[in-house]
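What follows is a single structure, written as structure tokens, with notes after it.
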Amino acid sequence: MVNDTEYYDALGIEPTATQIEIKKAYRRRAMETHPDKHPNDPTAAARFQAIGEAYQVLQDPELRKNYDQFGKTDQSVPDAGFDDPSEFFSTMFGGESFKSWIGELTMLKDLQSTAEVLGKEDEEKEKAKVETTSEDQSVMHTEAKADVGASGTSTPKAKLNNPAKYTKETREEVERLYKESKLAKQKRVEELAKELVVRLDKLIAASSSEAELTLFQQNLNTEFEDLKMESFGLEIIHTIGKIYAQKASAFISSSRTFGLSKIFTSVRDKGSVVSGGFSILSSALDAQLLVEQMEKVKAADPDAWSQEQEAEIGRLVFGKFVGTAWASSKFEIKNTIRDVCDTVLTDKEVPKKARISRARALLVLGTNMKAVTRDTEDEEGVQVFEEMWHEAKYTKMKVTKVKK
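Take 1 as the starting number for the sequence shown in the UniProt record's numbering and just add one per residue.
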């Protein structure tokens, strides 16, 4: 018997709901009530806020216990207060649940940091250029007056503006950021490799007993149930599983073919990297083109679209940017997982026989991950970002003025 059911009612669940059921319900309700889906509903933000608060309490065992016992009191509020639901829901790819599998994705953040450093100098140069141009125009105006008075013609000298290179300080800052990023990636790969070894060794140990193997599989399935409900969770699970299976198969085969299969795997990996890079570029150009079309139409006619039409176009544009972000995140995930697998399988301090056993366990794990699916109920709660991405991905739209 609970003291209050408001939070449970907000998510449409019973007070006996499990943690996974709570997460599923939140994902589904968040998608249904997300303000981006209801641009003309003034109550959408409030409903979204209420759902976010309900989830933040119920997903925390201690807060949920206090809420069940005392209802909505100070004891059932996070110490730092409620997070902004838009920020709480903004973990676009993966989430906390995936940390031990892929770590923290930093590619977009690293690119942004570098862009900010370069952009700062560009802004300073542009400001200096404007000030110099203003001074030059003043001087030329004075000189032109004198020339006109002398010959009746105006012949000011042309100025050449050659693009200057970045300063030594800026180059050093970019280099520092690059080295920090590289070291952080190496550390992340090492930590993830340790996590993977623990999983593989548990699977190897469990394989000696049918009961233990069944328990291991049950625990794994429970974890997958949680992972697949994260934003882009199913896509990430399948991506990891595919690479696990490829790397494991290649290592097992190479032990029989004296390493020849590794050559083909390396070529395939490089081809995948090129393909991933092209996917990022293609998605980014698609998004940029749509934005440029929007700006062009709006510049020609600020009233080109109704509020509803502009909201729909804005949603499509955001979906395009989600696609770009997902392409870059998937690219980073693939490269990270490949490095993690290589670290585990090529560790010379581990006997070859033990590494082959780990490779076989890795193949089993990868095969299991590739087979994970969402049921019908899960599909109804597909992430709002995934929905936007799919909508934008399969919508070829040319932005034009709407005839009134």
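Just so it is clear, CB atoms sit at the ideal spot from N, CA and C, and this is done for glycine as well.
Which residue from the options puts its Cα closest to that of residue i?
| i | options | result |
| --- | --- | --- |
| A371 | F224, K334, F98, K330 | F224 |
| S254 | L345, D74, K72 | L345 |
| I2 | N66, K185, E104, D375 | At residue 2 the sequence reads Val, which differs from the Ile that was named. With distances taken between Cα atoms, V2 lies closest to N66. |
| Q59 | E96, A44, A45 | E96 |
| I51 | P78, D41, E6, S76 | E6 |
| Q186 | R374, D342, T16, P15 | D342 |
| G119 | L196, T373, Y166 | Y166 |
| L220 | P78, W101, S329 | W101 |
| A354 | R64, I243, L203 | L203 |
| M369 | Q75, D226, A10 | D226 |
| E350 | G241, A211, Q75, K194 | For the record, residue 350 in the displayed sequence is Val; it is not Glu. Closest by alpha carbon: K194. |
| S69 | D4, Q49, P42, D41 | Contrary to the premise, residue 69 reads as Gln rather than Ser in this sequence. Considering only alpha carbons, the answer is D4. |
| I252 | L363, A10, P61 | L363 |
| A327 | G103, I243, F232, K242 | F232 |
| P15 | P35, Q49, P42, G71 | G71 |
Would residue i be called buried (16 or more neighbouring beta carbons within 10 Å of its own) or exposed?
| i | result |
| --- | --- |
| T336 | buried |
| T239 | buried |
| V198 | exposed |
| A30 | buried |
| A250 | buried |
| residue 411 | One cannot answer for residue 411 here, as it falls past the ends of the chain, which runs 1 to 404. |
| E53 | buried |
| L365 | buried |
| Y8 | buried |
| K99 | exposed |
| E230 | buried |
| T18 | exposed |
| L196 | buried |
| L200 | buried |
| S329 | buried |
| A10 | buried |
| S208 | exposed |
| T324 | buried |
| P156 | Note that P156 has pLDDT 38, beneath the 50 cutoff, so the model's placement of it is unreliable and no number is given. |
Are the Cβ atoms of residue i and residue j separated by less than 9 Å?
| i | j | result |
| --- | --- | --- |
| K247 | I237 | no |
| R27 | G12 | no |
| F331 | M107 | yes |
| I22 | Y55 | yes |
| A206 | T367 | no |
| A44 | T33 | yes |
| residue 424 | V174 | The chain is shown only over 1 to 404; residue 424 falls outside these bounds and no answer can be derived. |
| R374 | L213 | no |
| T73 | V117 | no |
| V57 | R64 | yes |
| L105 | I333 | yes |
When you measure from the CB of residue i to every non-hydrogen atom of the ligand ATP, does any distance come out below 8 Å?
| i | result |
| --- | --- |
| A325 | The model depicted lacks the ligand ATP and carries no ligand whatsoever. |
Exercise. Decide yes or no for the touch test of the stretch 350-369 against the stretch 178-190: beta carbon pairs closer than 8 Å, at least 3 of them.
Key: no
Are at least three pairs of beta-carbons, each pair with one atom in the stretch 320-339 and one in the stretch 167-181, less than 8 Å apart?
Judged by Cβ distances under 8 Å, the stretch 320-339 makes no contact with the stretch 167-181, as fewer than three pairs qualify.
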